[in-house]
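Undergrad: Below you will find the structure I want to go over with you.
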Amino acid sequence: MRHTSTELSYPVRWAVVAKYLAQLCLVIAALTAVPAVVAVLVAEYQSFAAFTIVTLMLTSVGLLGSRIDTPATIQTNEALLISCAAFLVTAIMMTVPMMKFGLSPSDALFESISAVTTTGLSTQADVQSKSWAFLFARAWIQWYGGLGIVMFSVALITRSGGTAKALMIADASDTESPVGVRLHARRVLIAYSALTIVGCILVATCGVGIMNAVCYSMAAVSTGGFSPHDDSVRGINLGGQVAVTLVSFGGAVPLYLYYRSYLDGWKAFLRDSQLRSLFVAACVVSILLSICMFVISHRSTDDSLVGATLLAVSAQTTTGFEPLEVASLGDSEKLFLMAPMLIGGSMGSSAGGIKLVRLLILVQLLRMAVVRASQPRHVVNKPHLFGHALSEKEIEEASTLLFAFIALIFVSWLPFVMLGYNPLDSLFEVVSACGTVGLSSGITSEDLPLVLKLVLSADMLMGRLEIYAWLVVLSGRTWIGKKVVSS
């Protein structure tokens, strides 16, 4: 008998990519206009000019590109390319205004990438000497980067439901909603905005100035972690630190849950499995880190209880605020913190990492492997999570993503070690970048070699879109179609 298999792949269509990327440029232009207004209000006219020029350039490109006629459908590889390009375009375009604040080109690009990916790593040791326009711009970029540029586009301008869903999947956004994709995106945007406003009020009432409260709230909701103070949240009182931590936790919760609670009442929070898992994970990490600090490092009671708890939540939610200086921690604490930094928060939130639910899937898979060893061979027993039978796709996705993250971390760690940096501190920094966390062992600075800044920048971009999107973009089949027939 003759067997024939056909392998077919479609390259991206440039007209489709150009049209939808142009639409995203219009969204980025509108978002860029906000820091331009702030710059002129605080009399930062050079940065105002830079933001205005970028806004006009993006608007021009957006208006021209949006006129392109394209098919109604969009391929998966096209959606992934558009999503990746959106982050690159934003980072590159924001580099120009950042340079007007006194940053070198490499540091300006690094700061922009760190902002739009909601990482929070910074080469700037003295941010308090910068104008408020700079501090606001960083936090603002983190804020819209946390929700996702694609989410803004879907909520505001994308008309096709199929295109909207494809773009949101490409952006690693949660699309499992009983309502339409555009309506879901709008509800998430409303919830995200409301959470930011509530967070700002909460932080401000704790004695933090209103301008700083705005920056902290946007950086917390986006789980970004940029602080208007040189020493992160250590620059504000304990009440403010607790408030910022609570807002950060709120950003790591599935964003659709806020709208669901509005419709179904506060019990929707209690019923959500991801929220319960995140709370338990944060508690476990807090307790273990406290024990580690008190028993092994002999830290003070305040550091071991209060500081450790706030730092544990910061790591688990991938926010990256530092209630304790991470560079001063012992090796055991740094090693321990890498686990929650890599795991991250909930699916459908602004948090980074591989996501807690995926780790639970792998744990269930391991548990089933152990259980099956004691069962008869004919017994069919499928892994379940939260009462839901896990599909092969979910298991494959979790396994593949974990492998991809570990591989990326290892490859990125080697250049640091080869250039003579402390292996553990280097690993911590790389994990922080890949998980879009922002906690720093002290390696990231203006003096960091350019090649290592580029490595961390690539890690932040890869981690923000969970690696897969970039692998598709870099694949030859994305650019050149292929059809193979074998017998």
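Residue numbers for the sequence shown follow our numbering, beginning at 7 and rising by one.
Heads up, the beta-carbon is just placed ideally off N, CA and C, and yes, glycines get one too.
Please read all numbers here as calculations on a predicted model, not as lab measurements.
(1) What do you get for D5, buried or exposed, if any count of 16 or more other CB atoms within 10 angstroms of its CB means buried?
(2) Is it a yes or a no for the segment 319-332 touching the segment 375-384, going by three-plus beta-carbon pairs under 8 Å?
(3) Please classify Q381 as buried or exposed, where buried requires at least 16 other C-beta atoms within 10 Å of its C-beta.
(4) Please list, in chain order, all residues of the same chain as E403 whose beta carbon is under 8 Å from its beta carbon, the five residues on each side excluded.
(5) Excluding the five sequence neighbours on either side, which residues of its own chain have a C-beta within less than 7 Å of the C-beta of F434, listed in chain order?
(6) Might you give, ordered along the chain, the residues of its own chain that have their beta carbon closer than 7 Å to the beta carbon of G215, omitting 5 neighbours on each side?
(7) From the DSSP output, which residues share a beta bridge with L391?
(8) Nearest to L141 by alpha carbon, out of L430, L153, S118, T123?
(9) May I ask you to verify whether the segment 92-104 touches the segment 289-308, counting CB pairs closer than 8 Å and requiring at least 3?
(10) Would you call A78 buried or exposed, if buried means 16 or more other Cβ atoms sit within 10 Å of its Cβ?
(11) Which residues in the same chain have their Cβ closer than 8 Å to the Cβ of V22, if we skip the five residues on either side of it in sequence?
(12) Check whether the Cβ atoms of V102 and A56 lie closer than 8 Å to each other.
(13) Looking at C-alpha atoms only, which residue of P111, G256, Q247, Y474 is the closest neighbour of G354?
(14) Rounded to the nearest angstrom, what separates M105 and P111 at their Cα positions?
(15) What residue range is occupied by the uninterrupted alpha helix (DSSP H) comprising G466?
(16) Label N387 either buried or exposed according to how many other C-beta atoms from any shown protein chain fall within 10 Å of its C-beta, with 16 as the threshold for buried.
(17) In this structure, does DSSP put S15 in helix, strand or coil?
(18) Pick helix, strand or coil for S166, following the three-state DSSP scheme.
(19) Near A475, what residues of its chain come up, given a Cβ to Cβ distance below 7 Å and the 5 sequence neighbours on each side ignored?
(20) Rounded to the nearest angstrom, what separates E400 and L47 at their Cα positions?
(21) Would you call the segment 197-215 in contact with the segment 240-255, where contact means no fewer than 3 C-beta pairs closer than 8 Å?
(22) Using 8 Å for Cβ pairs, my map puts L445 next to V369. What's the rounded Cβ distance?
(23) Mark A97 as exposed unless 16 or more other C-beta atoms lie within 10 angstroms of its C-beta, in which case mark it buried.
(24) For K340, report the span of its alpha helix (DSSP H) as first-last.
(25) Taking 8 Å as the threshold (C-beta atoms), are V227 and T202 in contact?
(26) Hey, which unbroken runs of the alpha helix (DSSP H) at 4 residues or more fall wholly within the segment 222-268?
(27) So the candidates are S438, P455, S405; which of them puts its Cα closest to the Cα of M424?
(28) Hey, quick one: how far does the alpha helix (DSSP H) through G358 stretch, first residue to last?
(29) Residues in its own chain within less than 6 Å of F416 by CB, not counting five upstream and five downstream?
(30) Nearest-angstrom Cα distance between G482 and V18?
(31) Is E50 helix, strand or coil when you go by DSSP?
(32) Using the Cβ count rule (16 or more neighbours within 10 Å means buried), how would you classify S66?
(33) Any idea if E328 is buried or exposed, counting beta-carbon neighbours within 10 angstroms, 16 or more meaning buried?
(34) Report the three-state DSSP secondary structure of W149 (helix, strand or coil).
(35) Enumerate, from N- to C-terminal direction, the unbroken beta strand (DSSP E) stretches of 3 or more residues contained entirely within the segment 268-341.
TA: So, from the listed chains and residues:
(1) Since the first residue shown for the chain is 7 and the last is 493, residue 5 is missing from the structure and cannot be characterised.
(2) no
(3) exposed
(4) R364
(5) K340, M344, S447
(6) none
(7) H394
(8) S118
(9) no
(10) exposed
(11) T76, P77, I80, Q81, E84
(12) yes
(13) G256
(14) 6 Å
(15) Residue identity check: residue 466 is Met in the sequence provided, not Gly. From DSSP, the alpha helix (DSSP H) with M466 extends over 456-470.
(16) exposed
(17) strand
(18) Only weak support exists for where S166 lies, its pLDDT of 48 falling under 50; the value from the coordinates is given anyway. S166 falls in the coil class under three-state DSSP.
(19) L86, S89, C90, A176
(20) 49 Å
(21) yes
(22) At roughly 24 Å, the Cβ-Cβ gap does not stay under 8 Å, so L445 and V369 are not in contact.
(23) buried
(24) 337-349
(25) yes
(26) 244-257
(27) P455
(28) Premise fails: G358 is in no alpha helix (DSSP H) and is neither H nor E.
(29) none
(30) 11 Å
(31) coil
(32) exposed
(33) buried
(34) helix
(35) none
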